[in-house]
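Asks: Mind having a look at this structure? Questions to follow.
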Amino acid sequence: MADAAIVAKGLTKVYGKLTAVDHVDMRVATGGVFGLLGPNGAGKTTIIKVLTGLSDITEGEAQVAGFDVRRDPMHVKERIGWVAAEVILDDDLSAWENLWLQAKLQRLSDWKGRAEQLLAYFELSDRKKDKVGQYSTGMRKKLEIALAILHQPEVVFMDEPTIGLDPNTRRMLWQLITGVNREFGVTVLLTSHYMEEADALCDHVAIIDHGKFVAQGTPSELKARVKWDIVELETKETVTEERLRAIPGVSEVRTQGKSWILKVPSAEVALPQIIAALGSEEVKRINLEKPSLESVFMEITGKRIDQAGTDVQDYRKFYMNVRRARQ
Ligand SMILES: Nc1ncnc2c1ncn2[C@@H]1O[C@H](COP(=O)(O)OP(=O)(O)O)[C@@H](O)[C@H]1O
Ligand SMILES: [Mg+2]
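In case it helps, the working numbering puts the sequence shown at residues 1244 to 1570.
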């Protein structure tokens, strides 16, 4: 087996005037969990579509599971699984019937043992005859993953696997995805717009914005790029921006809603100085944020991922002002 499960060079997808994926180079190690992280519309799903052969590549090349996506699409399809962002289960069928249907679709002959093994792994064995319409969201997700790996693929693509799930179910799913990767030896490429999810799950992350990879690395490598902490502060009205700026150890100040957002090289150093400068009676609330993938995204693109696309201009303006104030 090759050491890379996915290799892409200059991968590009153009829809009319829009370049949805823009000259992306990527390499996903065999056995790894690779996360494509970015806001809505960044091009994550499109990358999955071109790598799985669901959509044509406009320019560039890609190999998946050792085969060229353009030249050998069938060989690729045999070796990959796909968990779509939308639910694809048939509610009127039981779990077993859904697995049977999947086997039919893929013309698998010897699938029953594997299906039983997967149902046991996902703790669905005693519910396998129940209609999927009666399943909880978590159970449905488990079954979707079981369908995707029924044919023992080398690589499985999961598009926003935890979107719309409550926090508990999401965490349960993180464990399952890690488990599937380790126990079944499947390479996972997943997309997400939840930074903490990528941090918890992925050994390698690519941050994508407007179709381009803007950063890549392990979550710790990416976080090491951010050299500052964030202090979020709620104060009485007597506190002004000038006063905050004058505090030693505070690099930048801006407002966000009712709060101040301070960029500091070290929260541990800045915190006592902030308290000393303002006095505890002027501070209503104080909150520390250590570097996360969220701050990496912010550092690189100048926007928060959850509001990405909306307030870039404001954010740039903020930094331009900071720059001018320093001159
Ligand atoms: N079939 C399509 N035709 C035209 N534009 C598309 C099509 N699919 C996606 N797009 C556009 O390509 C960009 C990337 O979309 P997508 O890959 O779905 O982003 P993400 O999955 O990161 O939210 C978006 O601007 C989207 O509107
Ligand atoms: Mg998408």
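Ideal placement from N, C-alpha and C gives every residue a C-beta, glycine not left out.
Note that the coordinates shown come from a computational prediction; the quantities given were computed from them, not determined experimentally.
#1: Note the first and the last residue of the continuous alpha helix (DSSP H) segment covering E1537.
#2: Whose CA, out of S1379, G1422, M1269 and G1274, lies closest to the CA of I1291?
#3: Using a Cβ-Cβ cutoff of less than 7 Å, which residues in the same chain neighbour K1527 once the five nearest sequence positions on both sides are dropped?
#4: Check each candidate in A1251, D1246 and K1287 and name the one with the smallest Cα separation from T1262.
#5: Could you check whether the Cβ of A1467 sits closer than 7 Å to any heavy atom belonging to ligand 1?
#6: Any heavy atom of ligand 2 within a distance shorter than 7 Å of the CB on D1402?
#7: Any idea if Q1306 is buried or exposed, counting beta-carbon neighbours within 10 angstroms, 16 or more meaning buried?
#8: DSSP state of S1523, grouped into three classes?
#9: With DSSP collapsed to three states, give me the class of N1283.
#10: For the pair the segment 1331-1341 and the segment 1400-1413, tell me if three or more CB-CB distances fall below 8 Å.
#11: Just list the alpha helix (DSSP H) runs in the segment 1284-1368, keeping only unbroken ones of 4 residues or longer that don't cross its boundaries, in chain order.
#12: Under 8 Å, do F1456 and L1294 count as touching if we go by C-beta distance?
#13: Which complete beta strand (DSSP E) runs does the segment 1414-1496 hold, if anything under 3 residues is left out?
#14: Is the segment 1439-1456 close to the segment 1410-1425, with three or more CB pairs under 8 Å?
#15: Using a 10 Å radius around the Cβ and a threshold of 16 neighbouring Cβ atoms, would you call M1317 buried or exposed?
#16: Roughly how many angstroms separate the alpha carbons of N1564 and I1543, rounded to a whole number?
#17: Using 8 Å as the threshold, is the C-beta distance between D1311 and E1304 below it?
#18: Assuming K1320 and G1356 make a contact with CB atoms under 8 Å, what is their CB distance in whole Å?
#19: Among L1367, E1524, E1440 and L1336, which one has its Cα closest to the Cα of L1279?
#20: Do I1300 and L1633 have their beta-carbon atoms positioned less than 8 Å apart in this structure?
#21: By the DSSP assignment, the alpha helix (DSSP H) with R1383 in it spans what residues?
#22: Per DSSP, which one or two residues make a beta bridge with A1251?
#23: So S1509 is in the beta strand (DSSP E); what residue range does that whole segment cover?
#24: DSSP three-state label for T1405, please.
#25: Is there at least one non-hydrogen atom of ligand 1 closer than 7 Å to the beta-carbon of L1261?
#26: Using the rule of at least 16 other Cβ atoms within 10 Å of the residue's Cβ for burial, across every protein chain shown, is G1454 buried or exposed?
#27: Does DSSP put G1500 in a helix, in a strand, or in coil?
#28: Mind checking whether A1272 and A1247 have CB atoms under 8 Å apart?
#29: Consider the C-beta atom of K1455 and the heavy atoms of ligand 1; say whether any pair is separated by less than 7 Å.
#30: Quick one: residues in its chain with C-beta nearer than 6 Å to the C-beta of K1256, no 5 flanking neighbours on either side, listed in chain order?
#31: Quick check on the burial criterion: 16 or more other C-beta atoms within 10 angstroms. Buried or exposed for V1512?
#32: Quick check on the burial criterion: 16 or more other C-beta atoms within 10 angstroms. Buried or exposed for V1258?
#33: Shorter than 7 Å, the distance from the beta carbon of A1441 to the closest heavy atom of ligand 2, or not?
#34: In the structure shown, what three-state DSSP assignment does G1278 receive?
#35: Whose C-alpha, out of S1523, A1449 and P1462, is nearest the C-alpha of T1481?
Replies: Once the coordinates are examined:
#1: L1536 to T1544
#2: M1269
#3: E1477, T1478 and K1479
#4: K1287
#5: no
#6: yes
#7: buried
#8: coil
#9: coil
#10: no
#11: 1287-1294, 1316-1321, 1338-1348 and 1355-1364
#12: no
#13: 1430-1435, 1447-1452, 1455-1460 and 1472-1478
#14: yes
#15: exposed
#16: Its pLDDT being 49, under 50, N1564 is placed unreliably in this model, and the value from its coordinates should be taken loosely. Taking the straight line joining both Cα atoms gives about 18 Å.
#17: yes
#18: Going by Cβ atoms, the distance from K1320 to G1356 rounds to 23 Å, so no, they are not a contact pair.
#19: E1440
#20: Only positions 1244 to 1570 of the chain appear in the structure, and residue 1633 is not among them; the question remains open.
#21: T1380 to I1392
#22: M1269 and A1305
#23: Per DSSP, S1509 belongs to no beta strand (DSSP E) and is neither H nor E.
#24: coil
#25: yes
#26: buried
#27: coil
#28: yes
#29: no
#30: A1263, V1264, T1289, V1293 and T1301
#31: exposed
#32: Note that residue 1258 corresponds to Tyr in the displayed sequence, not to Val. Label assigned to Y1258: exposed.
#33: no
#34: strand
#35: S1523
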